[in-house]
Amino acid sequence: MKVILPVAGKGTRLRPHTHTKAKSLVNVAGKTVLAHIIERLQNINVEEYIFIIDDNGQQVSDFMAQNFPALKCSYYIQHDRLGPAHAVALGAPSVKPGDDLLVVFNDTIFVTDLTEINALCSNADGLIYSKEVEDYQRFGVNVLEGETIVDMVEKPDTPISRLAQVGLYYLKDGAGFIAAIEATIAAGETVKGEYYLPAVFMRMIAEGFKFKAPEIDAWLDCGKPETLLETNRFLLAGRHHIHGDVEDSVLIEPVHVEEGARIKNSIIGPNVSIAAGSVIENSVISESIVNTNNIVEYMILDHSLLGDSVNLIGSPRRMNIGDHSHIVMDQ
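Numbering (the numbering used here), first residue to last: 30 to 360.
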């Protein structure tokens, strides 16, 4: 199997954290988004990882070489931002006749058993992984007849389907799928000037291809600060890992503290991940992600996201307050 991972894109919804960093290298629950995804692919036999990158691509290739040196990787640059289908098509030189193909977009971390692919796809040409959602109006959805997809609707006004596409796709015939993308591009089938995969799949369905829409167990959005914190909370559930130095502090589970981090005279948690090199003193932090090499002193942080090498230093207060006082201290 070949895997295409489109990791280009500026990650504008995650700014300022993506001004200097590829969005797939943002941390959540003690690892980068990309590391979470790659680890979820280790249970299947992947011959080659095909990355579609942009001008931050060197960061991605360096990360893979350092953290997953045994994996065969190739890299193709998307110079023109012409949409996700265009990005996938750039991996064509690595997809040969006979290759099956998995496409994994990096805005989300998926939870599903990929070892079931062959069983799920025994009587179909591909899988378009889905998740039932309440706010179906925000997504492209799959419309089923039995187990087979018969239509796809982008942001429907009525609940014709609640099965949202989650950005995870499997194709038995990878080269045939690339050819269908190229045919869609040649036909100029764009939405606001960009090429999207639903048009490709509908072209294939019209030609007689059969796709199923298995539901994943969890769909963890990493595209915005607020959803990144929700994903951090989900991934930390049941995990309480303290590898750094903790002195005179209270940790409220779950908390993930990497080796090389130091915490002193603080209250940390719940749902906090602190990366290596960070020093937390005299502070209270909950529901937050603290990345590498930060210094945080005399702060109260909640639902916060700190990038790398941040110095955040407050000051202690001395008070002399009489009986029956009512004091409100604005943030």
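Ideal placement from N, C-alpha and C gives every residue a C-beta, glycine not left out.
Three-way DSSP call (helix, strand, coil) for residue i in this model
{"i": "PHE206", "result": "helix"}
{"i": "GLN71", "result": "coil"}
{"i": "ILE146", "result": "helix"}
{"i": "TYR105", "result": "strand"}
{"i": "VAL339", "result": "coil"}
{"i": "SER350", "result": "Checking the displayed sequence, the identity of residue 350 turns out to be Ile instead of Ser. Coil."}
{"i": "ILE33", "result": "strand"}
{"i": "VAL325", "result": "strand"}
{"i": "LEU63", "result": "helix"}
{"i": "LEU330", "result": "strand"}
{"i": "ILE234", "result": "helix"}
{"i": "GLU259", "result": "helix"}
{"i": "THR213", "result": "helix"}
Chain-order list of residues whose beta-carbon lies under 6 angstroms from that of residue i (same chain, five-residue window excluded)
{"i": "PHE238", "result": "ASP154"}
{"i": "MET93", "result": "CYS102"}
{"i": "HIS270", "result": "HIS285"}
{"i": "GLY217", "result": "none"}
{"i": "LEU330", "result": "ILE314, SER317"}
{"i": "ILE178", "result": "ASN171, PHE240, ALA242"}
{"i": "LYS221", "result": "none"}
{"i": "LEU200", "result": "LEU130, GLY155, PHE206"}
{"i": "ILE342", "result": "GLU326"}
{"i": "ILE297", "result": "LEU280, VAL284, ILE314"}
Same chain only: Cβ atoms within 8 angstroms of residue i, ignoring 5 sequence neighbours per side
{"i": "GLN107", "result": "PRO35, ALA37, ILE81, ILE82, ASP83, HIS115, ALA116, LEU119"}
{"i": "VAL195", "result": "THR137, PHE139, TYR158, SER159, LYS160, ILE245, TRP248"}
Bridge-paired residues (DSSP) for residue i
{"i": "TYR199", "result": "LEU131, LEU156"}
{"i": "VAL89", "result": "Beta-bridge pairing links VAL89 to no other residue."}
{"i": "LEU100", "result": "Partner(s): none; LEU100 has no beta bridge."}
{"i": "ILE271", "result": "VAL286"}
{"i": "VAL140", "result": "ALA247"}
{"i": "SER317", "result": "VAL301"}
{"i": "PHE80", "result": "LEU34, TYR104"}
{"i": "VAL170", "result": "VAL182, ALA193"}
{"i": "ASN56", "result": "THR61"}
{"i": "ARG110", "result": "None, per the DSSP bridge assignment."}
{"i": "ILE292", "result": "VAL275, ILE309"}
{"i": "LEU264", "result": "LEU264 is not bridged to any residue."}
{"i": "VAL220", "result": "GLU223"}
Candidates the options: closest to residue i by CA position
{"i": "VAL89", "options": "LYS52, ASP109, ARG346", "result": "LYS52"}
{"i": "PHE134", "options": "ASN147, LEU149, SER123, GLY112", "result": "GLY112"}
{"i": "ALA304", "options": "LEU54, GLY59, VAL55, ASP128", "result": "GLY59"}
{"i": "GLY86", "options": "LYS50, GLN71, THR61", "result": "LYS50"}
{"i": "ILE309", "options": "PRO283, SER278, GLU316", "result": "SER278"}
{"i": "GLN95", "options": "MET231, GLN194, LEU63", "result": "LEU63"}
{"i": "HIS65", "options": "PHE139, PRO98, VAL313, ASN294", "result": "PHE139"}
{"i": "VAL313", "options": "ASN320, LYS293, ASN323", "result": "LYS293"}
{"i": "ILE207", "options": "ASN72, PHE97, PRO126, VAL319", "result": "PRO126"}
{"i": "ILE234", "options": "GLN166, ASN171, ALA99, SER190", "result": "ASN171"}
{"i": "GLU276", "options": "PHE230, GLU259, ALA290, LEU200", "result": "ALA290"}
{"i": "ILE189", "options": "VAL162, LEU100, PHE240", "result": "VAL162"}
{"i": "VAL57", "options": "VAL301, GLU211, GLY273", "result": "VAL301"}
{"i": "PRO254", "options": "ASP164, GLY351, GLY336, ALA209", "result": "GLY336"}
{"i": "ASP274", "options": "LEU265, GLU287, GLY267", "result": "GLU287"}
{"i": "ILE146", "options": "VAL319, MET30, ILE324", "result": "MET30"}
{"i": "LEU100", "options": "ALA266, HIS332, VAL32", "result": "VAL32"}
{"i": "ILE324", "options": "SER307, SER333, ALA215, GLY267", "result": "SER307"}
{"i": "GLU236", "options": "TYR225, TYR224, ALA209, ARG262", "result": "ALA209"}
{"i": "ASN340", "options": "ASN349, VAL319, TYR78", "result": "VAL319"}
{"i": "HIS332", "options": "ASN311, PRO299, GLU223, GLU282", "result": "PRO299"}
Buried or exposed by the 16-neighbour rule on C-beta atoms within 10 Å, applied to residue i
{"i": "PRO24", "result": "The chain is shown only over 30 to 360; residue 24 falls outside these bounds and no answer can be derived."}
{"i": "ASP109", "result": "exposed"}
{"i": "SER338", "result": "exposed"}
{"i": "SER354", "result": "exposed"}
{"i": "MET181", "result": "buried"}
{"i": "MET358", "result": "exposed"}
{"i": "PRO122", "result": "exposed"}
{"i": "ASN152", "result": "exposed"}
{"i": "THR260", "result": "buried"}
{"i": "PRO98", "result": "exposed"}
{"i": "GLU174", "result": "exposed"}
{"i": "THR213", "result": "buried"}
{"i": "ILE21", "result": "With the chain covering 30 to 360 only, the question about residue 21 has no answer from this structure."}
{"i": "ASP202", "result": "buried"}
Cutoff 7 angstroms: residue i Cβ touching any chain B Cβ
{"i": "GLU77", "result": "Protein chain content of the structure displayed is limited to a single chain, and chain B is not contained in it."}
Contact set for residue i: own chain, Cβ-Cβ below 7 angstroms, skip 5 residues either direction
{"i": "ASN72", "result": "LEU143, THR144"}
{"i": "PHE183", "result": "Sequence check: residue 183 is Glu here, not Phe. Result list for GLU183: GLY169, PRO227, in chain order."}
{"i": "ALA204", "result": "VAL124, LYS125, PRO126, ASP128"}
Any non-hydrogen atom of the ligand FAD closer than 6 angstroms to residue i Cβ
{"i": "ASP84", "result": "This structure lacks the ligand FAD, and indeed carries no ligand of any kind."}
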